[in-house]
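Going by full-length UniProt numbering, the sequence shown opens with residue 1, and the numbers climb by one from there.
What follows is one structure encoded as structure tokens, with my remarks underneath.
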Amino acid sequence: MTEVEKTISDRIHDMLDSFTRAERQLALSVLENYPASGLGPLTALAKDAEVSVPTVARMVQKLGFNGYPEFQAGIRDELSAQIKTPIAKHDTWAEAAPSEHILNRFTQAVMENVRLTLGHIDPDDFDQACALMADEKRHLYIVGGRITHTLAEYMFLHMQVIRRNLTQVQSSANTWPHYLLNAQEGDVFLIFDVRRYENNTLKLADMARERGARIILMTDQWRSPIHQIAEVCFCNRIVAPSAWDSMATALLLLETMISAVQTLNWGETRERVEELEGMFDQTKLFRKFT
């Protein structure tokens, strides 16, 4: 399996409606603890899902595999892709790099990422996430990781203008417990976590969920372990011909969210923008040409 292909969980989601009742029961069982659920013996998977062994064989074939061993090999390939270092990712792309200019190759990869990502986003989930972030009765916590803290900062900067009652949280374990101390039931955590998932971020999410918080997760196509407790999960395609992953799709989704939340809160947002512009005028932060 190459990185630009759909993950096995994507295929299962795509085919849910076409499965028989037993196959659907099996599929949901696989997704509940994916990918670990598909790494054990075939008989164990059938027993956990309370279906027959032939049901497992039929569903695997419908997913495009010749048998259960090939299905497991596909999952192992996905796991290998998840933990690739920047050097390994660079070597993978370099070996198969076409002769076209990097501008074209990178752009094509990003456009494919956008297409596949948007194809798997439920508009109702998107609307639910935006409604949660727009609700000023809920404190909004925005959490980024080692790389994704830049996306978190970008989102926080815009949300500061749009609404009150929000906090940016660093995922470092020596700081976030202080923020979590104030979290209450119904508060919202927007969490960023992409491959090479961070243990600190997972622990933060677990503890926030225990306090009754609602979690919105921005992750990649392999899905951070946080997806199991997230209320809404957005799986962004991140692969690109580079030693590093591309955050272009995540940024597109964030900017769309900013627009949606701004619209939901426009009355107050407009007042806040006008007040902020007045402050800018007083501080002479920006040049004016008129």
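Glycine included, C-beta positions come from ideal geometry on N, C-alpha and C.
Just so you know, these numbers come straight off a predicted model, no measurement behind them.
- For tyrosine 141, the enclosing beta strand (DSSP E) covers residues 140 to 144.
- Contact check for alanine 152 and leucine 180: beta-carbon distance about 16 Å, past the 8 Å limit, so the pair fails to qualify.
- Straight across, the Cα-Cα distance linking glycine 145 with leucine 254 is about 16 Å.
- If you ignore the 5 residues before and after asparagine 33, its C-beta comes within less than 6 Å of no other C-beta in its own chain.
- Taking the Cα of glutamine 184 as reference, the smallest distance to any Cα among Asn174, Ala173, Thr55 and Asn165 is reached at Asn165.
- Arginine 163 and alanine 134 do touch by the CB rule: their CB atoms are close to 7 Å apart, below 8 Å.
- In the DSSP annotation of this structure, the continuous segment of the alpha helix (DSSP H) that includes methionine 59 starts and ends at 53 to 62.
- DSSP places threonine 167 in the strand class (E or B) of the three-state scheme.
- Asparagine 236 sits in a strand when the DSSP states are folded into three classes.
- Per DSSP, reduced to three states, the secondary structure at phenylalanine 19 is coil, with no helix or strand assignment.
- One Cα belongs to leucine 118, the other to glutamine 282, and the distance between them is close to 42 Å.
- The distance from the Cβ of alanine 22 to that of threonine 55 is about 5 Å, consistent with a contact at the 8 Å cut-off.
- Rounded to the nearest whole angstrom, the C-alpha separation of glutamate 277 and phenylalanine 156 is 18 Å.
- Contact between the region 242 to 252 and the region 260 to 269 is absent, with fewer than three C-beta pairs closer than 8 Å.
- Serine 224 counts as buried, since no fewer than 16 other beta carbons sit within 10 angstroms of its beta carbon.
- Shown here for serine 80: not one same chain residue has a beta carbon closer than 6 Å to its own, the five before and five after excluded.
- The residues Tyr141, Val143, Trp176 and Tyr179, in chain order, have a CB closer than 6 Å to that of valine 169 in the same chain once the five nearest residues on each side in sequence are set aside.
- With fewer than 16 other Cβ atoms from the protein chains shown falling within 10 Å of its own Cβ, proline 123 counts as exposed.
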